[in-house]
Amino acid sequence: MPKIKTINSVEDLMCPFNVIAISKLIRKMFWHTVLCAFMISGNNAWGLTGKAQKIFKSNNIAVYQIQVVDLISQEKSVIGSGFKFNKKGLYGTNFHVISDVVDKPDQFRIEYHRDGMKKGELDLVAIDVAHDLAILKGPENKEETVVLGSSKLAQGSQVFPMGNPLDVGMVILEGTFNGLIGNKQYQHILTSASLNPGMSGGPAFGPRGKVIGINVAIEGNDLSYLVPVEYLKNLEKSLDAEGAKPGWRQIIQDQVLKRSDHLVSSAIKSEWKFEQFGSLKVPKNIMPLVIKCWGKSKKEDPKKNQFYFYSYKWCESKNNVYLSSRLGTGTIGYTFYSMESESLNSLEFYKKYSKEYSTGQFYRRYSKEEVTEFRCQDHFIQMAGNNWKAAYCVRGYKKYSLLNDVYVSLAILNDSKRKFIIQIGISGVNEPQTRRFLKKFLGGIEWTG
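Start counting the sequence shown at 521; every next residue gets the next number (the numbering used here).
Given below as structure tokens:
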């Protein structure tokens, strides 16, 4: 059975299904789908427990395929899944499934389908990009709905995600509930159920047949994520708020800023631990529930064409905010890099050092339609008892005037043989937020000699 590919980017992580790639994906994943997705036809479920069969039979009528349809070609452009959760005609799905409708409303519409047949069109009425949720509105009728439950399950409880993978039909999967992960305000459910592209936005049921989460992302190696159902309930409550509603882009910008302010404030308020990195004392993992760290080093060995020693530590937040198929935001990251050489002369070593200083670690190259070029200011500063060269760089979002990506790179200028570079990146923030974070982060670094 083929393994699921490791996820390397925000676009890969999400699982709306771009129909342009359908033939390639079906060839790769056909046998995986047949063996693992347990296609259901009528009352037969291959390899599933009786509980899964019962949940499917009770809820299948309320789960749909969601299609984003191109208005010119009249064909689906993206597919995902969704579910009806009240008699007022409200349907839940992921924001990333229907994001093209927000990004280009004159080009796309939203439809819902069952058993290969169009049931109707849906309107977008609420979004929560921080939790990757959207609520759609269809006609009020007496058709069956799912029942929203709670994500508070015991470790190891059964979980049953439903959805339409690869446009092949409605399926139900079995997995286990492996707890809530991430910052308390922005958590995900970790499950062993192996989601496939096209299942995004579908409901995941608990052992009592109530929705405990919404399918959202594939991690690989039989690990997937769900959005806790409580966030959908909160979004539904926002529909009852009175007063004029701002446009979608204003709502998205406000939600991104609220999330980034929460993460930055949480980082600033938390008690940081420090560790030795060469001659520097630096912050360890400043937010273990949100940020993950990796490290690597390589010895100098001219015989193997390795002419300098290097060591680095790289830390970055795992989950970001999906804005469109071309743009993501909401990450925090930082690196510490050291290098030293006995083989290179001063000029050659300086060239290598300058190249590392100038190389950004945290940002993808987005289209000029989405972001501005980075605008950088160079400074010479005193920090941790040494002189440093510092570049402070900012780029803006063309559709979201208050959102910025901020990148800082610092290189030590002392006479020690081992050189150090520090780089920090925060995306989807305003500059006052960033400056508060940088003040604490850089202010805590010490030179120990």
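Cβ atoms here follow ideal geometry from the backbone N, Cα and C, with glycine treated the same way.
Flag this pair as yes or no: are the beta carbons of TRP967 and ASN924 separated by less than 7 Å?
7 Å or more divides the Cβ of TRP967 from the Cβ of ASN924.
CB ALA572 to CB PHE680, shorter than 7 Å?
It is a contact, given that the beta carbons lie within the stated cut-off.
Could you pull out every residue in the same chain whose Cβ sits closer than 7 Å to the Cβ of VAL841, ignoring the five residues on either side in sequence?
Excluding residues within five positions, the ones whose Cβ falls inside 7 Å are VAL649, ALA650, VAL776, ARG779, GLY848, THR849, GLY850 and GLY948.
According to DSSP, what are the bridge partners of MET903?
Looking at the DSSP assignment, MET903 forms a beta bridge with ASN906.
Using CA coordinates, which residue listed in TYR927, TRP908, ASN865 and PHE869 is at the minimum distance from PHE894?
Nearest option by C-alpha distance: TYR927.
Let me confirm a value: THR855 is counted as buried when at least 16 other C-beta atoms fall within 10 Å, else exposed. Which label applies?
Burial call: buried.
Taking just the CA atoms, how far does TYR706 sit from MET719?
For the pair MET719 and TYR706, the Cα-to-Cα distance works out to about 21 Å.
When burial is assigned at 16 or more other CB atoms within 10 Å of the CB, is TRP908 buried or exposed?
The Cβ neighbour count for TRP908, taken over all protein chains shown within 10 Å, is at least 16; the residue is labelled buried.
Beta carbon of ALA910, beta carbon of LEU930: below 7 Å?
Yes. Within cutoff.
On the DSSP bridge assignment, give the partners of THR855 in chain order.
Bridge pairing for THR855: TRP834 and GLN943 [DSSP].
Let me make sure I understand the geometry here. Which of ARG728, ALA724 and ALA761 has the alpha-carbon closest to that of GLN744?
It should be pointed out that residue 744 corresponds to Ser in this sequence rather than to Gln. With distances taken between Cα atoms, SER744 lies closest to ALA724.
Backbone CA spacing between ASP781 and GLY964 [nearest angstrom]
Straight through space, the alpha carbons of GLY964 and ASP781 are spaced by roughly 21 Å.
Please classify THR484: is it buried, with 16 or more other beta-carbons within 10 angstroms of its beta-carbon, or exposed?
Residue coverage of the chain in this structure runs from 521 to 969, which leaves residue 484 outside it and unanswerable.
Report yes or no: do the stretch 621–637 and the stretch 571–591 share at least 3 C-beta pairs separated by less than 8 Å?
Counting Cβ pairs under 8 Å, three or more are found: they touch.
From ALA761 to GLU795, what distance separates their C-alpha atoms?
Distance between the alpha carbons of ALA761 and GLU795: 48 Å.
With DSSP as the reference, label LEU962 as helix, strand or coil.
Correct three-state label for LEU962: helix.
Rounded to whole angstroms, what's the CA-CA distance from ILE709 to SER786? Just pull it up for me.
In a straight line, the C-alpha of ILE709 is about 21 Å away from that of SER786.
For LEU668, I'd like the list of residues in its chain whose CB is within less than 8 Å of its CB, leaving aside the five on either flank, ordered along the chain.
In chain order, PHE605, LYS730, VAL731, VAL749, LEU752 and LYS753 place their CB closer than 8 Å to the CB of LEU668, counting only its own chain and leaving out the 5 sequence neighbours on each side.
Beta-bridge pairing of LYS924 - partner residues as DSSP gives them
Checking the sequence, you will find Asn at residue 924 rather than Lys. In the DSSP assignment, ASN924 is bridged to GLY916 and VAL949.
In whole angstroms, what separates the C-alpha of GLN953 from that of TYR920?
Whole-angstrom Cα-Cα distance: 16 Å.
DSSP puts ASP648 in a beta bridge; with which residues?
Listed as beta-bridge partners of ASP648 by DSSP are LEU653.
Tell me the residue span of the alpha helix (DSSP H) that contains VAL784.
It spans 768–789 - the alpha helix (DSSP H) in which VAL784 sits, taken as one unbroken run.
For ILE932, the three-state DSSP class (helix, strand or coil)
In the structure shown, ILE932 adopts extended strand secondary structure according to DSSP, grouped into three states.
Per-residue burial, GLN678 [other beta carbons within 10 Å of its own, 16 or more giving buried]:
Residue burial is scored here from C-beta neighbours: GLN678 has at least 16 other C-beta atoms within 10 angstroms and is therefore classed as buried.
Exposed or buried, what is HIS899 when buried is set at 16 or more other beta-carbons lying within 10 Å of its beta-carbon?
Under the 10 Å beta carbon count, HIS899 is surrounded by fewer than 16 other beta carbons and is classified as exposed.
Can you give me the C-alpha to C-alpha distance between LYS574 and ASN580, rounded to a whole angstrom?
The alpha-carbon atoms of LYS574 and ASN580 are separated by roughly 10 Å.
Which residue's Cα is closest to the Cα of GLY767: PRO685, PRO625 and THR613?
For GLY767, the closest alpha carbon among the candidates PRO685, PRO625 and THR613 is that of PRO625.
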